[in-house]
Every structure is written in C-alpha cells, then in structure tokens.
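S.K.: In the UniProt record's numbering, the protein residues as written are 1 to 326.
Ideal placement from N, C-alpha and C gives every residue a C-beta, glycine not left out.
Here it is, the structure, as structure tokens.
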Amino acid sequence: MERILGDLNDGYTNILEGEDFRKFFKSYYLSFAESENFKDFFWFDTFSSPYVMYRYQFDGNIENIQLYKEPVLETDILIEDKIAYMKIKKMAGFDVAEEDYGKIKEFLKEVEDYEKLIIDIRGNDEGFDVYWENIVKLLIDKPLNAKYYAFFKDGHRYKYDPFRVQNLTTIQQLDEKVLCKFPEEVKTDFDFYKTYSIDINSLDAYHNLEENFEENIDFKGKIYLLVDRNVFSAAEKFASFAKDTGFATLVGEVTGGGRVFEEIPITFLPKSKFAVRYSRELGINQDGTINMETKTIPHIQVDATYYEDFNKDKCIQTVIKDGKNK
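Pasting the structure below:
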C-alpha cells in the first residue's frame, strides 16, 4: 500500500506506522487536550477510536513516548571570529522549542560579530514553524513578509466537516492576470483558493530597546541556509521563506517541497482501521510553480552530502569560499 501511495510523490499522503501514530497522538494530546473544544479538532475521531487504538496496540499512555530521541540543536564555531554554525535536525515544538530558543539566543549573541552564520537544516523533515520563526526574529532588524497562494478542490467542503478549510474564495474571483501565471491544471482541476502570509517582526518590535539593550542581537554578517532533498514540512516553509525574503542564501540541492499552511488531516480506513493522512492543499511558489513539483531551488547548487568533518562537506566549503574572489 505504501508503495502505491509513494507513486503520488506526496510526503503528506501515507499510512501511519506504529511509532509515527504514537508521536502524532502525543503531539495531539499536548496541543489540544486542555482545550474545552478538543473534540472539535479533526484528529479527535481517529485518536479516540478504540478500534484504531487496538489496531496499533496502543493504550494511550504518552509518558514514555519520545518525540525527539536526541537533541535537535547543535552549535559550533567552524572558524574562530569568522564562521558560526548551527544545525537543526527537527523543527521541535513544545518544551524543546522553548528550551532551544534560549540556547540559540545565547549562541547568536556570542557570534554576532562573525562574518558568516550557517544554519544547516539538511535532513530536517518535520516539525513546527515556531522553531524557525524564533530564529528569524532574533536575526532580523526589520519585518519580513512572504505571501503564497494555495488551491483546493471542491467536494469535501461541507459545513460541518471537521476537515473543512475556512475562508476559501472561489477561483472565479481570482484576477485572471494572476491566474494565468499558474500551471493550467490549477484553472481546470481546482475550485477554490486562499492566500497565506508569513509575517515576522524582529524582537525590537516586541521589546523596548533601551531596557533590553544588552540582550539584543546585532548580527550584520551573511546568513546561509544549507538544504537537501529531505527538507520537508516546516523546514521547507523556512527554506522558501528564507529565499523569497532574502533572509538567507540557500546552498545545497533542491528541497523535498511540502510547504503547506493548513493542518494535515488524519483519518482512518473503515475496514483495517489504519490511520492515514493526506494533504488537501496545492501550494504555489512565488514564481508560479507548484511547490510539490518544483520544490525550493537553492541559490547555489552543490553536493549536499553531510560530513562530520566540515573540510569534506561541500556545502560548508562553498560557504567558506563564497565572496573570497569579490
């Protein structure tokens, strides 16, 4: 079944294996269990079904479930006073994101006078936007914004459908000059659209500069984002945002795509009770291409293989050499 679904080339369409099911269950519980309306969230039917729980031989005990088996953050100084390095293995959420934020802020303060900062998200294929958004806030001195279109098909937008996407607009209302920039199948196969905006302000917008002067990070160097084919989900959103806003220079290979804004539904098959998830969203890049087809193309394309020894790592070596001949 997974091989058949693999032909769709959509990382969001799959049958959940046992470990993934448990991780999603814990994420759901931590996110929504304290909400008064938690039964209205669209994962509820799946995670509250005794048949699904029996299929996965899971009793709902989340105490021993590890969302992250190892630290997701690594920091290093590659060249003293010149090049700082930060690797993010997963876009963690919850307590991990909060804890790492403090570590990242402390590290960036330490290297704020460096010439170059490398943020390595190669292999990062899941997580929460808050992790990378916090990094951007620390490094920018003015607001950054990126706008994206997404398209949806008709047929599953019932009034009481828990998977229903809110605030859609019929495609007939989209300016023809805008619509013609997109692939033909958008016009022929899709019925609704929605625009999404990523707006990130610097920390200066939230805090008084005089009161927090010593804590402010004043990084004026160049930022590089290392990417590879496994960059997906929240990491893909970071990659596309970084490229489209000029936040960073992307180095590596074409990403895995998967920039979506709506939550990914998780439901279950009526006979087998296996949990499945699928995306309803056709995301469009700013150049008019389909994100899941074109992905995000880095500014500098180079072998993205990761090496513990950075002297062998072509991505890192490209960053070190960049600008030397100018």
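Quick one: what's got a C-beta closer than 6 Å to K222's C-beta in the same chain, skipping five residues either side?
M.R.: K116.
S.K.: What are the partner residues of T170, as DSSP defines its beta bridges?
M.R.: Answer is F192.
S.K.: What number of angstroms, rounded off, separates the C-alpha of F21 from the C-alpha of D113?
M.R.: Answer to the nearest angstrom: the Cα atoms are 44 Å apart.
S.K.: List the endpoints of the continuous beta strand (DSSP E) containing G6.
M.R.: G6 -> not in any beta strand (DSSP E); alpha helix (DSSP H) instead, spanning 2-6.
S.K.: Are the beta-carbon atoms belonging to I88 and L138 less than 8 Å from one another?
M.R.: Taking 8 Å as the Cβ cut-off, I88 and L138 do not qualify as a contacting pair.
S.K.: Who does K87 pair with in a DSSP beta bridge?
M.R.: According to DSSP, which records beta bridges pairwise, K87 is partnered with E74, D120.
S.K.: Do G11 and G256 count as a contact pair if the criterion is CB distance below 8 Å?
M.R.: Taking 8 Å as the Cβ cut-off, G256 and G11 qualify as a contacting pair.
S.K.: So the candidates are F247, F232, A242; which of them puts its Cα closest to the Cα of K220?
M.R.: The shortest Cα separation from K220 among F247, F232, A242 belongs to F247.
S.K.: Can the beta-carbon of K237 be found closer than 8 Å to that of D154?
M.R.: Not closer than 8 Å, so no.
S.K.: Determine which residues share a DSSP beta bridge with residue 349 and list them.
M.R.: Beyond the ends of the chain as shown, which are 1 and 326, falls residue 349; an answer cannot be given.
S.K.: Determine the DSSP secondary structure at L16, reduced to helix, strand or coil.
M.R.: Of the three classes helix, strand and coil, the one that applies to L16 here is coil, per DSSP.
S.K.: Within this structure, are the beta carbons of S202 and K142 separated by less than 8 Å?
M.R.: Contact flag set, yes.
S.K.: Comparing alpha-carbon positions, which option in S49, V136, Y28 lies nearest G93?
M.R.: Among S49, V136, Y28, the Cα nearest to that of G93 is on Y28.
S.K.: First and last residue of the beta strand (DSSP E) that includes A92?
M.R.: Note, A92: premise wrong, no beta strand (DSSP E); not H, not E.
S.K.: For L138, report the span of its alpha helix (DSSP H) as first-last.
M.R.: From DSSP, the alpha helix (DSSP H) with L138 extends over 129-139.
S.K.: Alpha carbon to alpha carbon, what distance is there between T245 and E110?
M.R.: Their backbone Cα atoms lie some 25 Å apart in a straight line.
S.K.: When the distance is taken between beta carbons, is Y193 closer than 8 Å to A150?
M.R.: Taking 8 Å as the Cβ cut-off, A150 and Y193 qualify as a contacting pair.
S.K.: K312 by DSSP, collapsed to three states: which one?
M.R.: In this structure, K312 counts as coil in the three-state DSSP scheme.
S.K.: So the candidates are V72, R229, V251, E263; which of them puts its Cα closest to the Cα of V165?
M.R.: Nearest of V72, R229, V251, E263 to V165, Cα basis: E263.
S.K.: In the DSSP output, what is V227 paired with across the bridge?
M.R.: According to DSSP, which records beta bridges pairwise, V227 is partnered with G252.
S.K.: Looking only at C-alpha atoms, which of I119, L30, Y51 sits nearest to V96?
M.R.: It is L30.
S.K.: Does S272 pass the burial test, meaning 16 or more other C-beta atoms within 10 Å, or should it be called exposed?
M.R.: That one is exposed.
S.K.: Quick check on this structure: which residue in E17, K243, K295, I83 has the alpha carbon closest to the alpha carbon of R259?
M.R.: Answer by Cα proximity: K295.
S.K.: By DSSP's criteria, G283 is part of a beta bridge. Which residues make up the other side?
M.R.: G283 pairs with A150.
S.K.: If we ignore side chains and look at the alpha-carbon of each, how far apart do E253 and Y51 end up?
M.R.: About 42 Å.
S.K.: Assign N291 to one of three DSSP states: helix, strand, or coil.
M.R.: Helix, per DSSP.
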